[in-house]
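All remarks here apply to the structure that follows.
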Amino acid sequence: MKHAIKILCTVILSICLSGCFDIFQHITVNDRGVQQNTIKITVSKGIIRMAESFSSEQSFDDRELDKMLDEIISEEHYQDYSASITKINDTTDIGILLDMAIDYRDKNTVDTINKDNIDFIPKYYRNAMVIHISNSDSSSSQLENNDKINEFSALFGKYRILINKKCINTIDHVGVRTNTGETNIDFLDVYDAYLIEIPISAILAESVDIIMYLKL
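As structure tokens, this is what we get:
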């Protein structure tokens with residue numbers, strides 16, 4: 000599997016916590032002129048315990064969750080980008096950290112990116128930067144039919160994207176596009192970067208494209 004979010008969604012769905020997690024993505028350019036793309040996906044252990052109190056499903060201890068992370072990491076993710084994926088399991092959170100260096104000056108790399116929609120990897124167009132997040136039909140249907148999940152995701156979950164201005168100079172506006180249309184969302188100009196915050200519920204119900212439109 001090459002879509003890390005699908006795998007983590009499956010794990011979270013299995014413990015009735017779909018949507019109760021955070022995603023942080025940092026996109027910048029390193030000293031070699033190569034784009035550094037780091038994604039942190041975590042679930043709060045406190046939220047896990049809280050959700051268990053509302054659920055009649057089997058509870059999971061830290062060893063079971065840690066085993067699930069081992070299974071995720073054993074998969075071959077993002078092999079075309081020499082990506083590293085490591086697990087996070089500390090006193091407060093459990094999740095994964097995905098880190099990759101992408102050289103957009105390399106034509107073969109750009110061709111590989113453009114031929115498929117790969118989660119978290121930006122595509123560049125003349126007037127926009129686009130990040131795709133995909134979801135399976137099974138995840139979508141379970142999320143749409145679970146009011147408790149949607150309530151938790153709205154309260155706790157966010158997808159935050161911090162983009163250095165070396166990657167995209169000037170953003171005019173940001174849209175979240177689904178099969179049913181496109182919604183504009185706010186963003187912050189934080190000096191040398193842009194910060195975009197999206198509720199997790201907005202990206203888990205169906206596959207989305209997050210579009211950063213450039214000022215032309």
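Sequential numbering of the sequence shown, starting at 0, is according to numbering that gives the first Met the number 0.
The beta carbon of each residue, even a glycine, is placed where N, CA and C say it ideally should be.
For Tyr77, same chain residues with a beta-carbon under 6 Å away, outside a window of 5 residues either side, are Met99 in chain order.
Taking 8 Å as the upper bound for CB-CB distance, Leu203 and Asp171 are not in contact here, some 27 Å apart. If you draw a straight line from the Cα of Leu194 to the Cα of Asp65, it comes to about 31 Å. Here the alpha carbons of Gly174 and Val42 stand approximately 26 Å from one another.
In this structure Gly94 is buried. Its beta-carbon is surrounded by 16 or more other beta-carbon atoms within 10 angstroms. The Cβ atoms of Gln34 and Ile40 do not sit closer than 8 Å to each other. In this structure, the CA atom of Asp110 is about 20 Å from the CA atom of Ile210.
By the 16-neighbour rule on beta-carbons within 10 angstroms, Asn36 is buried. Unbroken alpha helix (DSSP H) runs of no fewer than 4 residues, entirely contained in the segment 84 to 123, are found at 106 to 113, following chain order. Apart from the 5 residues on each side of it in sequence, Asn126 sits with its Cβ closer than 8 Å to the Cβ of Tyr212, Leu213 and Leu215 in its chain, given in chain order. In the structure shown, the three-state DSSP call for Ile199 is helix. Counting other Cβ atoms within 10 Å of its Cβ, Val207 reaches 16 or more and is therefore classed as buried.
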